[in-house]
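J.:
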Amino acid sequence: MDKKEKNEKEQETPAPETPDTEKAEAAEAPKAEEKKEPTPEELLAAEKDKYLRLYAEYDNYRKRSQKEREALYAQVKADAVTAFLPVYDNLERALKLGCADEAFLKGIRMTMTQLTGVLEKLGVQPIEAVGQKFDANLHNAVVHVDDDRYGENEVVEELQKGFTLGEKVIRFSMVKVAN
(Lines of atoms letter the chains of each structure in order from A and count residues from 1; the text may use other names and numbers.)
(Lines give C-alpha, C1' and ligand atoms only; values in the text may rest on other atoms or scores of the structure.)
Protein backbone atom coordinates (compact mmCIF):
# COMPACT_ATOMS: atom_id res chain seq x y z
CA MET A 1 0.00 0.00 0.00
CA ASP A 2 1.34 3.29 -0.90
CA LYS A 3 0.68 6.59 0.79
CA LYS A 4 -2.14 7.56 -1.48
CA GLU A 5 -4.16 4.45 -0.75
CA LYS A 6 -3.49 4.81 2.99
CA ASN A 7 -4.83 8.39 3.02
CA GLU A 8 -7.97 7.35 1.11
CA LYS A 9 -8.63 4.52 3.55
CA GLU A 10 -8.28 6.83 6.56
CA GLN A 11 -10.74 9.29 5.06
CA GLU A 12 -13.31 6.54 4.51
CA THR A 13 -13.08 5.23 8.09
CA PRO A 14 -16.00 6.53 10.16
CA ALA A 15 -15.32 8.24 13.53
CA PRO A 16 -15.60 5.87 16.47
CA GLU A 17 -18.88 6.04 18.33
CA THR A 18 -18.94 7.27 21.91
CA PRO A 19 -19.54 4.56 24.46
CA ASP A 20 -22.86 4.45 26.28
CA THR A 21 -21.33 5.79 29.51
CA GLU A 22 -20.21 8.98 27.81
CA LYS A 23 -23.67 9.49 26.36
CA ALA A 24 -25.23 9.00 29.76
CA GLU A 25 -22.86 11.49 31.40
CA ALA A 26 -23.54 14.01 28.63
CA ALA A 27 -27.27 13.69 29.23
CA GLU A 28 -26.89 14.20 33.00
CA ALA A 29 -24.50 17.16 32.72
CA PRO A 30 -27.15 19.75 31.79
CA LYS A 31 -29.29 18.63 34.72
CA ALA A 32 -26.41 19.07 37.19
CA GLU A 33 -25.47 22.46 35.74
CA GLU A 34 -29.00 23.78 36.01
CA LYS A 35 -29.09 26.41 38.71
CA LYS A 36 -31.96 27.15 40.94
CA GLU A 37 -33.48 30.41 39.80
CA PRO A 38 -33.38 33.05 42.60
CA THR A 39 -36.66 34.13 44.08
CA PRO A 40 -37.86 37.72 43.73
CA GLU A 41 -37.13 38.28 47.43
CA GLU A 42 -33.52 37.14 46.97
CA LEU A 43 -33.13 39.38 43.92
CA LEU A 44 -34.57 42.31 45.86
CA ALA A 45 -32.26 41.65 48.82
CA ALA A 46 -29.23 41.48 46.50
CA GLU A 47 -30.16 44.77 44.82
CA LYS A 48 -30.81 46.42 48.19
CA ASP A 49 -27.38 45.26 49.41
CA LYS A 50 -25.73 46.71 46.27
CA TYR A 51 -27.61 49.96 46.79
CA LEU A 52 -26.62 50.23 50.46
CA ARG A 53 -22.96 49.58 49.65
CA LEU A 54 -22.98 52.17 46.88
CA TYR A 55 -24.71 54.68 49.15
CA ALA A 56 -22.14 54.10 51.92
CA GLU A 57 -19.26 54.54 49.45
CA TYR A 58 -20.75 57.78 48.16
CA ASP A 59 -21.35 59.08 51.68
CA ASN A 60 -17.74 58.33 52.64
CA TYR A 61 -16.52 60.06 49.46
CA ARG A 62 -18.67 63.12 50.20
CA LYS A 63 -17.39 63.40 53.78
CA ARG A 64 -13.77 62.91 52.72
CA SER A 65 -14.12 65.56 50.00
CA GLN A 66 -15.67 68.01 52.46
CA LYS A 67 -12.79 67.53 54.93
CA GLU A 68 -10.24 67.99 52.14
CA ARG A 69 -11.93 71.21 50.98
CA GLU A 70 -12.02 72.60 54.54
CA ALA A 71 -8.36 71.73 55.12
CA LEU A 72 -7.37 73.33 51.82
CA TYR A 73 -9.39 76.46 52.62
CA ALA A 74 -7.76 76.75 56.05
CA GLN A 75 -4.29 76.33 54.55
CA VAL A 76 -4.88 78.93 51.84
CA LYS A 77 -6.33 81.33 54.39
CA ALA A 78 -3.31 80.87 56.68
CA ASP A 79 -0.92 81.43 53.77
CA ALA A 80 -2.72 84.63 52.74
CA VAL A 81 -2.72 86.01 56.29
CA THR A 82 0.96 85.13 56.73
CA ALA A 83 1.75 87.19 53.62
CA PHE A 84 0.20 90.28 55.31
CA LEU A 85 1.99 89.93 58.65
CA PRO A 86 5.12 91.86 57.53
CA VAL A 87 2.80 94.79 56.74
CA TYR A 88 1.45 94.55 60.30
CA ASP A 89 5.02 94.52 61.66
CA ASN A 90 5.99 97.62 59.68
CA LEU A 91 2.90 99.55 60.77
CA GLU A 92 3.59 98.59 64.39
CA ARG A 93 7.19 99.83 64.09
CA ALA A 94 5.99 103.09 62.54
CA LEU A 95 3.59 103.65 65.42
CA LYS A 96 6.34 103.05 68.00
CA LEU A 97 8.66 105.59 66.33
CA GLY A 98 6.10 108.34 66.30
CA CYS A 99 6.16 111.33 63.99
CA ALA A 100 6.15 115.12 64.21
CA ASP A 101 3.39 115.28 61.59
CA GLU A 102 0.19 114.48 63.47
CA ALA A 103 -1.87 113.91 60.30
CA PHE A 104 0.64 111.35 59.03
CA LEU A 105 0.61 109.53 62.39
CA LYS A 106 -3.20 109.53 62.37
CA GLY A 107 -3.17 107.92 58.91
CA ILE A 108 -0.84 105.16 60.14
CA ARG A 109 -3.10 104.55 63.17
CA MET A 110 -6.16 104.32 60.93
CA THR A 111 -4.39 101.89 58.60
CA MET A 112 -3.29 99.75 61.56
CA THR A 113 -6.84 99.75 62.97
CA GLN A 114 -8.25 98.69 59.62
CA LEU A 115 -5.67 95.89 59.23
CA THR A 116 -6.30 94.53 62.75
CA GLY A 117 -10.06 94.65 62.05
CA VAL A 118 -9.62 92.61 58.88
CA LEU A 119 -7.41 90.08 60.70
CA GLU A 120 -10.03 89.72 63.46
CA LYS A 121 -12.78 89.10 60.89
CA LEU A 122 -10.64 86.34 59.41
CA GLY A 123 -10.30 84.74 62.86
CA VAL A 124 -6.68 85.75 63.44
CA GLN A 125 -5.83 86.41 67.09
CA PRO A 126 -2.57 87.81 68.50
CA ILE A 127 -0.69 85.62 70.97
CA GLU A 128 -0.34 87.16 74.43
CA ALA A 129 3.28 86.92 75.46
CA VAL A 130 4.61 89.54 77.92
CA GLY A 131 4.13 88.46 81.52
CA GLN A 132 3.14 84.90 80.52
CA LYS A 133 5.03 81.69 81.18
CA PHE A 134 7.15 80.60 78.22
CA ASP A 135 5.24 78.07 76.10
CA ALA A 136 7.20 76.40 73.30
CA ASN A 137 3.90 75.80 71.46
CA LEU A 138 3.32 79.57 71.18
CA HIS A 139 6.65 81.30 71.71
CA ASN A 140 10.07 81.25 70.11
CA ALA A 141 12.72 82.26 72.69
CA VAL A 142 15.51 84.16 70.96
CA VAL A 143 17.04 85.87 74.02
CA HIS A 144 17.51 84.68 77.62
CA VAL A 145 18.21 87.13 80.45
CA ASP A 146 19.08 86.60 84.12
CA ASP A 147 16.87 88.94 86.10
CA ASP A 148 15.64 88.33 89.66
CA ARG A 149 12.66 90.66 89.15
CA TYR A 150 10.97 88.06 86.94
CA GLY A 151 9.84 84.51 87.61
CA GLU A 152 11.30 81.34 86.13
CA ASN A 153 10.68 81.11 82.34
CA GLU A 154 8.63 84.32 82.27
CA VAL A 155 8.38 86.23 79.00
CA VAL A 156 9.98 89.64 79.59
CA GLU A 157 9.69 91.25 76.16
CA GLU A 158 8.03 90.49 72.86
CA LEU A 159 10.31 91.15 69.90
CA GLN A 160 7.81 90.09 67.20
CA LYS A 161 4.10 89.46 67.68
CA GLY A 162 2.79 85.96 67.06
CA PHE A 163 -0.64 85.01 65.73
CA THR A 164 -3.05 82.09 65.74
CA LEU A 165 -5.74 81.23 63.24
CA GLY A 166 -8.27 79.19 65.13
CA GLU A 167 -6.25 76.53 66.96
CA LYS A 168 -3.30 76.72 64.56
CA VAL A 169 -0.28 78.94 65.20
CA ILE A 170 0.55 80.75 61.97
CA ARG A 171 3.49 82.66 63.45
CA PHE A 172 5.22 82.11 66.78
CA SER A 173 5.97 85.10 69.04
CA MET A 174 9.68 85.92 69.19
CA VAL A 175 10.33 86.66 72.84
CA LYS A 176 12.95 87.43 75.46
CA VAL A 177 12.71 85.03 78.41
CA ALA A 178 13.98 85.42 81.99
CA ASN A 179 15.76 82.49 83.65
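Position one of the sequence shown corresponds to residue 112 (the working numbering), numbered consecutively onward. Just so you know, even glycine gets a beta-carbon here, dropped at the ideal spot from N, CA and C.
Is there contact here, the segment 256-273 with the segment 217-236, by at least three beta-carbon pairs under 8 Å?
T.: no
J.: According to DSSP, simplified to helix, strand and coil, what is Leu276?
T.: Shown here, Leu276 sits in a strand according to DSSP, grouped into three states.
J.: What's the gap between the Cα of Gly209 and the Cα of Ser284?
T.: 23 Å
J.: Can you list, in chain order, the stretches of the alpha helix (DSSP H) that have 4 or more residues and sit fully within the segment 195-254?
T.: With a minimum length of 4 residues, the continuous alpha helix (DSSP H) runs that stay inside the segment 195-254 are 213-232.
J.: With distances taken from CA atoms, which of Lys146, Gly228, Lys287 is nearest Glu265?
T.: Lys287
J.: Using only the alpha-carbon positions, how far apart do His250 and Lys244 sit?
T.: 10 Å
J.: What does a CB cutoff of less than 6 Å around Val241 pick up in its chain, not counting 5 residues either side in sequence?
T.: Val266, Glu269
J.: What do you get for Phe215, buried or exposed, if any count of 16 or more other CB atoms within 10 angstroms of its CB means buried?
T.: exposed
J.: Indicate the three-state DSSP secondary structure (helix, strand or coil) for Lys174 in the structure shown.
T.: helix
J.: Using 10 angstroms around the beta-carbon of Tyr199, count the other beta-carbons present and answer buried if the total reaches 16, otherwise exposed.
T.: buried
J.: So what's Glu265 in DSSP terms, helix, strand or just coil?
T.: strand
J.: What did DSSP end up calling Lys287 once you bin it into helix, strand or coil?
T.: strand
J.: On a Cα-Cα basis, can you pick out the residue from Glu263, Ala252, Ile238 that is closest to Lys272?
T.: Ile238
J.: Please tell me whether Phe274 and Leu206 are closer than 9 Å, where the distance is taken between their beta carbons.
T.: No, Cβ-Cβ distance for Phe274 and Leu206 is not below 9 Å.
J.: Report the three-state DSSP secondary structure of Arg164 (helix, strand or coil).
T.: helix
J.: State the Cα-Cα distance for the pair Gln225 and Ala289, rounded to the nearest angstrom.
T.: 34 Å
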